[in-house]
Amino acid sequence: MLKSYRRMRCFPALEDVPEMVVDLVRCAVELPEGTLPAYRAERTAKHHRGLVRKQAGVTYDQAKARGIVEQSIRKDAAAKNRPADLINIALLKRLRSGSRKNATYAAFREVGRVIRTVQLLCYFADAPLHRRVTAATNKVESFNRFSQWIGFGNRGVIADDDPIEQEKGMKFNALLTNAVIFHNALDIAEIVRRLLEEGWEIDPEDLAHISPYLTEHINRFGEYSTHELGIQPEAYDPRLDVDFTPLREQDLTAAGLGHTA
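Each residue of the sequence shown is one higher than the one before, starting from 602 at the first, in our numbering.
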């Protein structure tokens, strides 16, 4: 039976051989009922383990194996002197089984549900928290839509199966998206400066509602001048003659109320 598996380049342990295969071999060689797969001699078992190591490309290094065992023993011995580590190890061992019938798993699952329920109740009961979460969610969704609008090539679908190439595509899209956002922010700042020079009064709350994810003035399918890549842009001034202190105070007050609640 082991020779048959060997021809298929498969080296299972005897206890992993399906019962159906065992019954088929037993009937083929006319063995009595109750005959179980076992090694006839230790030499056969040693030969089989050697074939398994060769197939898996594993070399047996007795000194290295002893070092790994000693390191594991030292780690367990050191953990016994730290009760917190013992608790963590015990929890990991209980949860590692992945069984949904595990009592520890069920307890942590119920605790997680309680925490989620409390967070949802706080979210719905706390109006300032609700506004902050909604505002942050809207910003993230707006950024994602803007990023998808920028990555219009192949309708935004990454067709490459290579994880490295997929990561490159995502990073290139993020880089281009941030570059366009920076360009829009500079244009908005320049327009605000012109309005201030003309005598307009700029309310900081109005500026807070202006999004840098503007697309109307950008032609994605226009000409891309590569000869301008070497031109160094002029220095920009990030400062605006607008007092944003009231907005910062409102944010701090809302955060304080949220913590108090």
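Glycine included, every Cβ here is placed at the ideal spot set by N, Cα and C. Note that the structure is predicted; figures quoted are calculated from it, not measured.
For residue i, three-class secondary structure by DSSP
i, result
"F845", "coil"
"V760", "Per the sequence presented here, residue 760 reads as Ala, with Val not at that position. Here A760 sits in coil by DSSP."
"D804", "coil"
"N703", "coil"
"E791", "helix"
"E835", "coil"
"H870", "Not covered by the structure: residue 870. The range shown for the chain is 602 to 862."
"H828", "helix"
"S673", "helix"
"F570", "One cannot answer for residue 570 here, as it falls past the ends of the chain, which runs 602 to 862."
"R840", "coil"
"I716", "helix"
"L777", "helix"
"L721", "helix"
"G752", "coil"
"E620", "helix"
"T738", "helix"
"H810", "coil"
"L797", "helix"
"F711", "Just to set this straight, residue 711 is Glu in the shown sequence, not Phe. Reduced to three states, the DSSP call for E711 is helix."
Neighbour-count burial assignment, residue i, 16 or more Cβ in a 10 Å radius
i, result
"I751", "buried"
"L721", "exposed"
"T738", "exposed"
"H860", "Its pLDDT being 48, under 50, H860 is placed unreliably in this model, and the value from its coordinates should be taken loosely. Flag for H860 reads exposed."
"L777", "exposed"
"L580", "A query on residue 580 cannot be resolved here, the shown segment of the chain reaching from 602 to 862 and no further."
"A862", "Confidence in A862 is poor, its pLDDT being 43 and thus under 50, which makes the residue's placement too unreliable to answer from."
Pick from the options that is closest to residue i, judged by C-alpha positions
i, options, result
"F773", "L787, F753, I792", "F753"
"S814", "E802, E742, E798", "Reading off the sequence, residue 814 comes out as Tyr, not Ser. Y814 has its Cα closest to that of E742, out of E802, E742, E798."
"E835", "L787, L797, E824", "L787"
Rounded Cβ spacing between residue i and residue j (contact assumed at less than 8 Å)
i, j, result
"P705", "L693", "For the sequence presented, residue 705 should be read as Thr rather than Pro. That pair is no contact at about 10 Å."
Count the CB pairs spanning the region 789 to 809 and the region 835 to 849 that are closer than 8 Å, and state whether there are at least three.
yes
Within the chosen definition, does the region 737 to 751 reach the region 775 to 784 through at least 3 CB pairs nearer than 8 Å?
yes
Just checking, does the region 787 to 796 make contact with the region 832 to 844 on the three C-beta pairs under 8 Å criterion?
yes
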